[in-house]
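Mapping of the sequence shown onto my numbering: residues 22 to 721, in sequence order. From the three backbone atoms N, C-alpha and C, an ideal C-beta is built for every residue, glycine too. Here is the structure we will look at.
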Amino acid sequence: MTTASAAPPADPGQIFESLGQAVEAGVVEPQLAERLYKGEKVQVLAVIEASDAIKAYGNGNPAALKKAQQLFAELQTTVIRDLDLPVEYKFTLLPVLLTPLHDPEAALRLINHRLVVSVWADGENELWLTRSLPMVGHPMAMQGNLKGAGQSIAILDTGADTTRPELSRITVSYEAAPDDLMLDSNGHGSGVAGVIAAAVPDAQIIPVDIMDGTSIMDSHTLRGLNWVLASRYKYNIVAVNMSWGKADYFLGNCNTPSPYHGAFQTLRQARTMPIVAVGNHAFRSGSFRQGVSRPACVPGAVAVGGVYTGTNTTGDEVWADCTDKAPVMVDTMPCSSGSGPRVDILAPGANVQSAGANRNGTSIGAPHVAALSAILSSINPSASALQLETQLKTSSVFVADARTIEVHPRLNFPDAIRAAAPVLNDDRADATMLPTWSGRISQTNWAATKEPGELDQAGNDGGSSLWYRWLPDRDATVEFSTVGSDFNTLLSVYRVEPNGTSTLLGEDDDSGPNNAETSIVTVQVRAGDLIEIAIDGFRFQGIAFPRTGHVRFNWNLPNDDVKDAMPLFPYGASRFGSNIAATQQYGEPHHCDDLFSNASVWYLWSPSANVSARVRASGTRTYCVHVYETPSTVTNPSFGALASVAWGVDDQGYPIDFTFPATAGKSYWIAVDGVSHETACNPYGQCQYVSTTEIVRAHV
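Rendered as structure tokens:
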């Protein structure tokens, strides 16, 4: 067993006169030295200084991967050549060599090499064998469709039984240990995978089998980590779950470079979180001993302890080495769980149902954390490992360890998600001001809440509202919508009266097109009105959390797409509109022969007789009007069906004014778009923007 505090790392260039001196410096395990002095042959893991190679790995993209492999190989070859070292295995992306040693002198030569920083026996690890998801607020993530899509989690364990229905989606796996010809020789890995499968149903699960049927050696786990590093970029592996370890007792980081130090450093550099169970060995010696296992102690590991998932008032909770007497309370730490200041976070670790069995231990707590890590990575793909770890540990639930009086955060999905996706316009007082006549805002409401006393929106109590304000500068009929949002929305529009009260102008739940459960509200506004808009998620009866997701809030852009073209009534019809925040549809032509026009709004005119039609438009400069025609029977034209008739632009400063022959039986689709200034493009050779038209009056 390791002492409660780790020895400080030795100086990289230090030369030791004896193996005992290296043991005292903490760079050679005492047990390893003892075995060598007894004449045993020992497979050891030599750790090499490889900071440049680790840095070169970057995020693991193919070019960086190739460079890092080259640097690791050069370092390993140097050690092998200088010492004429027999090597069992070279890790292509880890600063580690697996080699046999027969005597203390060979170990001393190895540790005194200028590139070798520590030497470890290839030791055996043990498995840390849980109503858990509702307890940690997981349903909030499901209501927001935060299911880990696009993310992968590697599970270094005993394999996974893919014949089980909940694990049948697994398509990628890796055998890091000698193949035992079994999907899961123990069942432990299937239990861990079952938690992740339930918590992030859209994430890819990648079992990495590190058990040879009887044991989990360090050399197996390191081969697994080496494969993860080689495959991280290909599969977007954002977390590695490790629910095993050696029964050590570290109060803080184990700072002497172990074979896992370089692996965890490289993983975190690439934004992949090493999630490690702290162990179930607190009473292994017959009395309580504080500390966490290895590799949970390694810098960079997110060390996970366990808590009970429910209250038991009728019976004791019996563990392998200790017993918690009834009553056993929810959110208390089991007597077996590793503890101490090195514990980062607690998670459900007792009486968790997974893969057809009741499972207990910090082993089953770790995959809850790995699942949340995948969700957080999907919310913010560019977040650093430090940011992700901070978010993982963000919780309003804290648990005091009765054995040590230390307090640790307990995993909480809603709090972590709110830390990852803060909402600035959650409260009405912080409403976002809409700056223009028309526009579009995209944001999420995963972290939004409902204020005390807040009214229900559109007849539903919701619970995740966003607020906006708008000051119209003219009397008009305006449209607000959430069309394009990816969840069931609620929309309410209010006018704030001079006395501060609010008058409901309109509300809607499901008027969006194509049964998309989005909302549309059309109301009359007056110049100078203060308009407030609330967007919320629908909450189903019996569900604790409302629907949330990606909000697409549109105002005064009802005719952005050609199928929504606004009718013009014959003759002499006039329409006021705006194309600020309008878009170009897939396949839409560039209007007015301008390759950079991409912000169109559409109008539709169908003459009842053959006439010469005149189109005039005025307003902000740099816009165009382009007229297309189709047979009047066409109500939702493809862009290929639109025949160009005429167009005009004002890029020379002249108002648009042109005529064209209109025919009864035809429909005329009129696009108003922004155009680019040729002179503005010249200094750069191309335009990266489009001027938009705030005010348009079209007369036909």
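Inter-residue spacing [alpha-carbon to alpha-carbon] between residue i and residue j
i: Gly321; j: Ala387; result: 15 angstroms
i: His282; j: Val49; result: 15 angstroms
i: Ala423; j: Ser358; result: 12 angstroms
i: Thr151; j: Asn381; result: Note on Thr151: pLDDT 36, under 50, position unreliable in the model; the coordinate value appears next. In a straight line, the C-alpha of Thr151 is about 5 angstroms away from that of Asn381.
i: Lys687; j: Gly81; result: 58 angstroms
i: Phe37; j: Arg135; result: 11 angstroms
i: Val636; j: Ala586; result: 16 angstroms
i: Cys613; j: Tyr644; result: 9 angstroms
i: Ser39; j: Leu131; result: 12 angstroms
i: Asp436; j: Cys318; result: 26 angstroms
i: Asn4; j: Asn333; result: What is shown of the chain runs 22 to 721, which leaves residue 4 out entirely.
i: Glu699; j: Trp576; result: Annotation note: pLDDT 46 at Glu699 (below 50); position unreliable, no value reported.
i: Ala548; j: Trp491; result: 11 angstroms
i: Leu250; j: Asp143; result: 20 angstroms
i: Val221; j: Ala43; result: 46 angstroms
i: Asp447; j: Gly533; result: 23 angstroms
i: Met263; j: Phe574; result: 42 angstroms
i: Tyr689; j: Asp496; result: 28 angstroms
i: Tyr110; j: Val117; result: 9 angstroms
i: Gln127; j: Thr353; result: A small fix is needed here, since residue 127 is Ala in this sequence, not Gln. Near 49 angstroms, if we compare the C-alpha coordinates of Thr353 and Ala127.
i: Val213; j: Pro588; result: 59 angstroms
i: Tyr270; j: Ser308; result: 13 angstroms
i: Ser194; j: Thr524; result: 59 angstroms
i: Glu147; j: Ser279; result: 18 angstroms
i: Phe344; j: Cys356; result: The sequence given here has Thr at residue 344, not Phe. The straight-line gap from Cα to Cα measures roughly 7 angstroms.
i: Thr498; j: Ala85; result: 56 angstroms
i: Ile462; j: Met161; result: 23 angstroms
i: Val646; j: Val622; result: 10 angstroms
i: Thr235; j: Val351; result: 34 angstroms
i: Ala638; j: Asp694; result: 12 angstroms
i: Gly41; j: Thr465; result: 59 angstroms
i: Ser240; j: Leu129; result: 21 angstroms
i: Thr713; j: Gly608; result: Model confidence at Thr713 stands at a pLDDT of 42, short of 50, so the residue's coordinates are unreliable; what they give is reported in the following sentence. Approximately 20 angstroms, taken between the alpha carbons.
First through last residue of the beta strand (DSSP E) which encompasses residue i
i: Thr543; result: 541-546
i: Val323; result: 323-328
i: Thr680; result: 677-683
i: Val63; result: 63-69
i: Arg635; result: 632-638
i: Ala497; result: 497-502
i: Val444; result: Unbroken run through Val444: none, as it is neither H nor E.
i: Asp315; result: Residue identity check: residue 315 is Arg in the sequence provided, not Asp. Where Arg315 is concerned, the enclosing beta strand (DSSP E) stretches over 313-315.
Residue i Cβ short of 8 angstroms to the ligand MN heavy atom set
i: Ser633; result: By its list of ligands, the structure shown contains no ligand whatsoever, and the ligand MN lies outside what it can speak to.
Bridge-paired residues (DSSP) for residue i
i: Trp668; result: His647
i: Met238; result: Glu145
i: Val514; result: Gly527, Ile554
i: Ile176; result: Pro228, Asn262
i: Trp690; result: Leu625, Tyr649
i: Thr344; result: Val339
i: Ala366; result: One detail in the question is off: residue 366 reads as Ile in this sequence, not Ala. BP columns for Ile366 point to Val325.
i: Ala421; result: Val428
i: Pro13; result: Missing from the structure shown is residue 13; the chain here goes from 22 to 721 and no further.
i: Gln478; result: Asn481
i: Arg292; result: DSSP lists no partner for Arg292.
i: Arg696; result: Before going further, note that residue 696 is Val rather than Arg in the sequence given. For Val696, which the question treats as bridged, DSSP gives no partner whatsoever.
i: Leu487; result: Ile556
Supposed contact pair residue j and residue i - C-beta distance, whole angstroms, cut 8 angstroms
i: Val349; j: Val325; result: Actually they are not in contact, since the Cβ atoms of Val349 and Val325 sit about 20 angstroms apart, beyond 8 angstroms.
i: Val666; j: Phe679; result: So it is not a contact: roughly 10 angstroms between Cβ atoms.
i: Val390; j: Ala368; result: 5 angstroms
i: Leu167; j: Ile396; result: 5 angstroms
i: Ala662; j: Thr651; result: 5 angstroms
i: Thr179; j: Asn133; result: Wrong, their Cβ atoms sit about 38 angstroms apart, outside the cutoff.
i: Glu538; j: Thr510; result: 7 angstroms
i: Gly483; j: Asp557; result: 3 angstroms
i: Asn481; j: Phe559; result: 5 angstroms
i: Ser314; j: Gly361; result: Contact doesn't hold; Cβ gap of about 11 angstroms is too wide.
Span of the alpha helix (DSSP H), counted from its first residue to its last, around residue i
i: Pro125; result: 125-132
i: Gly460; result: Careful: Gly460 lies outside any alpha helix (DSSP H), inside the beta strand (DSSP E) at 460-465.
i: Ile564; result: Counting along the chain, Ile564 falls outside any alpha helix (DSSP H), and DSSP gives it neither H nor E.
i: Phe93; result: 83-104
i: Pro121; result: From DSSP, Pro121 is part of no alpha helix (DSSP H) but of the beta strand (DSSP E) over 117-122.
Would you call the stretch 428-441 and the stretch 406-415 touching, i.e. three or more CB-CB distances under 8 angstroms? Between the stretch 428-441 and the stretch 406-415, the count of Cβ pairs shorter than 8 angstroms is three or higher; the stretches touch.
Contact between the stretch 564-574 and the stretch 172-187 (3+ Cβ pairs under 8 angstroms): Flag = no, the stretch 564-574 and the stretch 172-187 do not touch.
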